[in-house]
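Listed in order, the protein sequences are those of chains A and B. All residue numbers for the first sequence refer to full-length UniProt numbering, where the first residue is 1 and numbers rise by one. All residue numbers for the second sequence refer to full-length UniProt numbering, where the first residue is 1 and numbers rise by one. Just so you know, even glycine gets a beta-carbon here, dropped at the ideal spot from N, CA and C. Keep in mind the model is a prediction, meaning the values are calculated, not measured. Reading through the structure tokens given below for one structure.
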Amino acid sequence: MEVDSQEQLQRKQSTYLSLDENFEIQKEVYRGQQYSQIYFARLHMMRTLLYSLVPNWKSHLPVCTVLELEEGKECIIVGTLYKHMKLKPCILDEYSKERSVAPLIKPHNFMHQDDYLVLEDESGRVKLGGTKLSPSVYVTGVVVALHGKETSAGAFFVEDVLEAGLPPQIKQPLKSREDKYVVFVSGLSIGRSSSNPLQFQLLVDHITGHLGDEEEQGLAAEIVHLVIVGNSVEISRGLLNGQNLASKDQSRLSEPFKELDILLTQVFSSHHCDDQHFKVSLLKFLYCSCCLSIFIYVQIAASLPLDIMPGSSDPANFALPQQPLNRCLFPGSTTFNTFRSCTNPHCFELDSIRFLGTSGQNIDDLTKYSEAKDKLDFLERTLRWRHLAPTAPNTLGCYPFTDRDPFLIDSCPDVYFVGNQEKYETCLLKGLEGQLVRLICIPRFCETGVAVVVSVFHLPGC
Amino acid sequence: MATPSKNMKAFYKQKKKNTTGGITKSKSSKSTKPAATDIAQLPHGVPLDIKDADIEEEEKALREFDMNMAYGPCIGITRLGRWERAQRLGLNPPKEIEKLVKSGKVKLQSLFDGRM
Chain A
1 MEVDSQEQLQ RKQSTYLSLD ENFEIQKEVY RGQQYSQIYF ARLHMMRTLL YSLVPNWKSH
61 LPVCTVLELE EGKECIIVGT LYKHMKLKPC ILDEYSKERS VAPLIKPHNF MHQDDYLVLE
121 DESGRVKLGG TKLSPSVYVT GVVVALHGKE TSAGAFFVED VLEAGLPPQI KQPLKSREDK
181 YVVFVSGLSI GRSSSNPLQF QLLVDHITGH LGDEEEQGLA AEIVHLVIVG NSVEISRGLL
241 NGQNLASKDQ SRLSEPFKEL DILLTQVFSS HHCDDQHFKV SLLKFLYCSC CLSIFIYVQI
301 AASLPLDIMP GSSDPANFAL PQQPLNRCLF PGSTTFNTFR SCTNPHCFEL DSIRFLGTSG
361 QNIDDLTKYS EAKDKLDFLE RTLRWRHLAP TAPNTLGCYP FTDRDPFLID SCPDVYFVGN
421 QEKYETCLLK GLEGQLVRLI CIPRFCETGV AVVVSVFHLP GC
Chain B
1 MATPSKNMKA FYKQKKKNTT GGITKSKSSK STKPAATDIA QLPHGVPLDI KDADIEEEEK
61 ALREFDMNMA YGPCIGITRL GRWERAQRLG LNPPKEIEKL VKSGKVKLQS LFDGRM
């Protein structure tokens, strides 16, 4: 096999715009505020929106607040839902004098058939009855409009529900007709004993154009962006038990980061070794089949821009929105200006195509407190409710914002992704006003070895 | 929050303007602690010896602003912060409140601050 062809492939470029400003908390000041502020901001923004939608829905009915409800009068009320859950763990249970036999709790889901919903606004709250609003679908924190009437028992019988629906989408025509790819990978979990470093090495080799023949490398040159969606490292629990670390353990603590930094630096480097690679590919790619053997390798000039998001196992803050991972963790990669440490949730535009997604905490929390047929269903619900993480701050850690709720989705993304899921799933969501969103569940790479490649050219509406 | 009442007589008594404070002391003209039986006190025994009638009016107006549900919760946020938030959310809070808070003569926080 001959090596060292003189060809040079140019990696395609695209314009990148970060929209993470909303998720940054550097300017926020904590003055001892509680979560009532963020709930007020959420209710106000959503209620204003729902009030504008109500005339198109049922214009003949009066809109009133919870306190203004009269028995038997049909009307529309808007408020925040609260789901009373019997099995939801409560800190007060520890102090309960009665230690009755606790029902068997499935740790992954706290639903119970006796759960009920309550609607709350500033004036009061009312229990919701009727079968239209299913407690298994909704969670605390969702703002909806309800049509119904108060019963003699003091509950509100729901006849119909209005959700905000998909937000408006700004469609911009694609400037060029050439095909470009964005690679998403999540759950690398470097540092976990079961993670196989060969898998990620193969992925890096492929996207930097070190694997495959000319055709494969041509495809690799069309990759314009790489997004690492959370849980890149995993630090062994034994090291984090609060004890002072011995010096040998201290080096163990930083090993996963060093490994990750070395791998990421390779992504940026356009130089590679002259050795021929014989590697058995363990990766499954979604747009090409496995490839083996050696070829004329071609240098792909220009490094690949990279976004790294924090996840639940990464050394970032616990509460959402997670702040970008500190650049000190990546001494090698930060020298490249195409390395970006991003927030979780992360929103960016690539060639005017809007991407929005999280590392999975919001969807995992919905899985615990509601049910759906698959994860894509949860993704769709968050878009219809126009809120990335409705269970924050109830069961999901959240910063106590005072004047805004940064998780409200104002503009419909073109690609909506969630990381660290069990398996790869995707579907196309169509909105009533012609919005088209590609929903993607990105699986955990250390368990599945699967990365997701999105073809920008083939996105609908582009 | 409990239903707000614009009339706050339940927990603080409106003062007549020329009262010196319930205890008549021969020596000091300034009463340091009004009798507990006479005037209802705020928690923590903060006396309500607001002497200047103008400030009392301003404080009353600010308390009304604090209690107004439409602008959201008043605890854990400064009055100015709450006013600015209301402005940003398009709630059109009265401009007089902004002037009062920015004048610096009144309390920055609502009545309940630090007590809840």
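Cβ pair residue i, residue j closer than 7 Å
{"i": "Leu92/A", "j": "His225/A", "result": "no"}
{"i": "Ile190/A", "j": "Leu260/A", "result": "yes"}
{"i": "Ser18/A", "j": "Phe348/A", "result": "yes"}
{"i": "Leu61/A", "j": "Ile76/A", "result": "yes"}
{"i": "Phe457/A", "j": "Asp179/A", "result": "yes"}
{"i": "Ala319/A", "j": "Gly238/A", "result": "no"}
{"i": "Gly129/A", "j": "Ala155/A", "result": "yes"}
{"i": "Leu306/A", "j": "Phe339/A", "result": "yes"}
{"i": "Val78/A", "j": "Arg42/A", "result": "no"}
{"i": "Pro315/A", "j": "Phe23/A", "result": "no"}
{"i": "Thr402/A", "j": "Ile97/B", "result": "no"}
{"i": "Cys427/A", "j": "Lys375/A", "result": "no"}
{"i": "Glu122/A", "j": "Thr80/A", "result": "no"}
{"i": "Gln199/A", "j": "Gly449/A", "result": "yes"}
Top-ranked residue by Cα proximity to residue i, from the options
{"i": "Lys99/B", "options": "Arg63/B, Leu80/B, Glu56/B, Ile75/B", "result": "Leu80/B"}
{"i": "Asn420/A", "options": "Phe348/A, Glu259/A, Val185/A", "result": "Val185/A"}
{"i": "Tyr82/A", "options": "Lys375/A, Arg125/A, Ala372/A, Asn56/A", "result": "Arg125/A"}
{"i": "Asp365/A", "options": "Val137/A, Val204/A, Tyr95/A", "result": "Val137/A"}
{"i": "Phe65/B", "options": "Pro93/B, Asp113/B, Phe112/B, Gly104/B", "result": "Pro93/B"}
{"i": "Thr334/A", "options": "Ser236/A, Asn244/A, Val182/A, Ile262/A", "result": "Ile262/A"}
{"i": "Asp410/A", "options": "Leu166/A, Gln172/A, Glu71/A, Asp377/A", "result": "Leu166/A"}
{"i": "Tyr399/A", "options": "Tyr16/A, Ile38/A, His210/A", "result": "Ile38/A"}
{"i": "Asp160/A", "options": "Tyr181/A, Val142/A, Lys132/A", "result": "Lys132/A"}
{"i": "Met309/A", "options": "Pro345/A, Arg327/A, Phe336/A, Gly332/A", "result": "Pro345/A"}
{"i": "Lys127/A", "options": "Gly212/A, His84/A, Glu68/A", "result": "His84/A"}
{"i": "Glu150/A", "options": "Val66/A, Val183/A, Gln172/A", "result": "Val66/A"}
{"i": "Phe157/A", "options": "Glu71/A, Asn241/A, Leu188/A", "result": "Glu71/A"}
{"i": "Ser312/A", "options": "Leu188/A, Asn109/A, Ser59/A", "result": "Leu188/A"}
{"i": "Glu163/A", "options": "Asn241/A, Tyr95/A, Ser352/A, Tyr51/A", "result": "Tyr51/A"}
{"i": "Gln113/A", "options": "Glu371/A, Asn241/A, Glu422/A", "result": "Glu371/A"}
{"i": "Leu439/A", "options": "Glu68/A, Tyr95/A, His108/A, Arg354/A", "result": "Arg354/A"}
{"i": "Lys171/A", "options": "Val437/A, Val450/A, Leu240/A", "result": "Val437/A"}
Whole-angstrom distance between residue j and residue i, CA atom to CA atom
{"i": "Leu432/A", "j": "Arg384/A", "result": "11 Å"}
{"i": "Tyr369/A", "j": "Val452/A", "result": "28 Å"}
{"i": "Thr265/A", "j": "Ile228/A", "result": "14 Å"}
{"i": "Asp20/A", "j": "Glu234/A", "result": "25 Å"}
{"i": "Ser110/B", "j": "Pro168/A", "result": "39 Å"}
{"i": "Gln10/A", "j": "Phe268/A", "result": "14 Å"}
{"i": "Asp414/A", "j": "Tyr424/A", "result": "18 Å"}
{"i": "Gln276/A", "j": "Glu215/A", "result": "Residue placement at Gln276/A cannot be trusted, given a pLDDT of 28 that sits under 50; the coordinates are not used to answer."}
{"i": "Glu28/A", "j": "Lys73/A", "result": "44 Å"}
{"i": "Gly72/B", "j": "Leu329/A", "result": "41 Å"}
{"i": "Pro34/B", "j": "Lys60/B", "result": "At Pro34/B the pLDDT is 43, less than 50, meaning the model places this residue with poor confidence; the figure from the coordinates comes in the next sentence. Approximately 20 Å, taken between the alpha carbons."}
{"i": "Pro197/A", "j": "Gln217/A", "result": "22 Å"}
{"i": "Arg386/A", "j": "Leu49/A", "result": "11 Å"}
{"i": "Glu447/A", "j": "Ala389/A", "result": "25 Å"}
{"i": "His147/A", "j": "Phe40/A", "result": "22 Å"}
{"i": "His272/A", "j": "Lys12/A", "result": "Here His272/A scores only 42 on pLDDT, less than 50, and its place in the model should not be relied on; the value that follows carries that caveat. Approximately 19 Å, taken between the alpha carbons."}
{"i": "Pro256/A", "j": "Phe445/A", "result": "15 Å"}
{"i": "Ser195/A", "j": "Lys430/A", "result": "37 Å"}
{"i": "Arg381/A", "j": "Gln250/A", "result": "43 Å"}
{"i": "Ser289/A", "j": "Gly357/A", "result": "Because Ser289/A sits at a pLDDT of 29, beneath the cut-off of 50, its placement in the model cannot be relied upon, and the following sentence gives the value as read from the coordinates. So the two alpha carbons sit approximately 27 Å from each other."}
{"i": "Ser303/A", "j": "Leu202/A", "result": "17 Å"}
{"i": "Thr395/A", "j": "Val139/A", "result": "10 Å"}
{"i": "Asn317/A", "j": "Arg88/B", "result": "28 Å"}
{"i": "His206/A", "j": "Val143/A", "result": "45 Å"}
{"i": "Leu91/B", "j": "Glu222/A", "result": "49 Å"}
{"i": "Met69/B", "j": "Thr367/A", "result": "34 Å"}
{"i": "Val63/A", "j": "Ser103/B", "result": "39 Å"}
{"i": "Gln435/A", "j": "Asp115/A", "result": "34 Å"}
{"i": "Val101/B", "j": "Pro55/A", "result": "38 Å"}
Supposed close pair residue i, residue j - CB separation, criterion 8 Å
{"i": "Met111/A", "j": "Leu408/A", "result": "Not confirmed; about 26 Å, so no contact."}
{"i": "Ile25/A", "j": "Gln323/A", "result": "6 Å"}
{"i": "Pro89/A", "j": "Leu117/A", "result": "Not confirmed; about 19 Å, so no contact."}
{"i": "Gly141/A", "j": "Thr343/A", "result": "Wrong, their Cβ atoms sit about 20 Å apart, outside the cutoff."}
{"i": "Ser359/A", "j": "Asn231/A", "result": "7 Å"}
{"i": "Ser455/A", "j": "Tyr16/A", "result": "That belief does not hold up - the Cβ atoms of Ser455/A and Tyr16/A are roughly 17 Å apart, past 8 Å."}
Cβ of residue i within 7 Å of any chain D Cβ
{"i": "Ser52/A", "result": "Judged by its chain identifiers, the structure shown contains no chain D, and its protein chains are A and B."}
Cβ-heavy atom distance, residue i to the ligand COA, below 6 Å
{"i": "Pro400/A", "result": "This structure does not include the ligand COA; it has no bound ligands of any sort."}
**OP:** Report the residue ranges of all beta strand (DSSP E) runs contained in full by the region 209-244 of chain A; include only those spanning at least 3 residues, in chain order.
**Re:** 223-229
Subject >> Complete alpha helix (DSSP H) runs within the region 340-384 of chain A (minimum length 4 residues, chain order) >> reply: 361-369, 375-384
**OP:** Jot down the residue ranges of each uninterrupted beta strand (DSSP E) in the region 402-431 of chain A, minimum 3 residues, whole runs only, in chain order.
**Re:** 415-421, 425-430
**OP:** Within the UniProt domain "DNA polymerase delta subunit OB-fold" (34-161) of chain A, note down every full beta strand (DSSP E) run reaching 3 residues or more, in order along the chain.
**Re:** 74-84, 116-120, 125-129, 143-150
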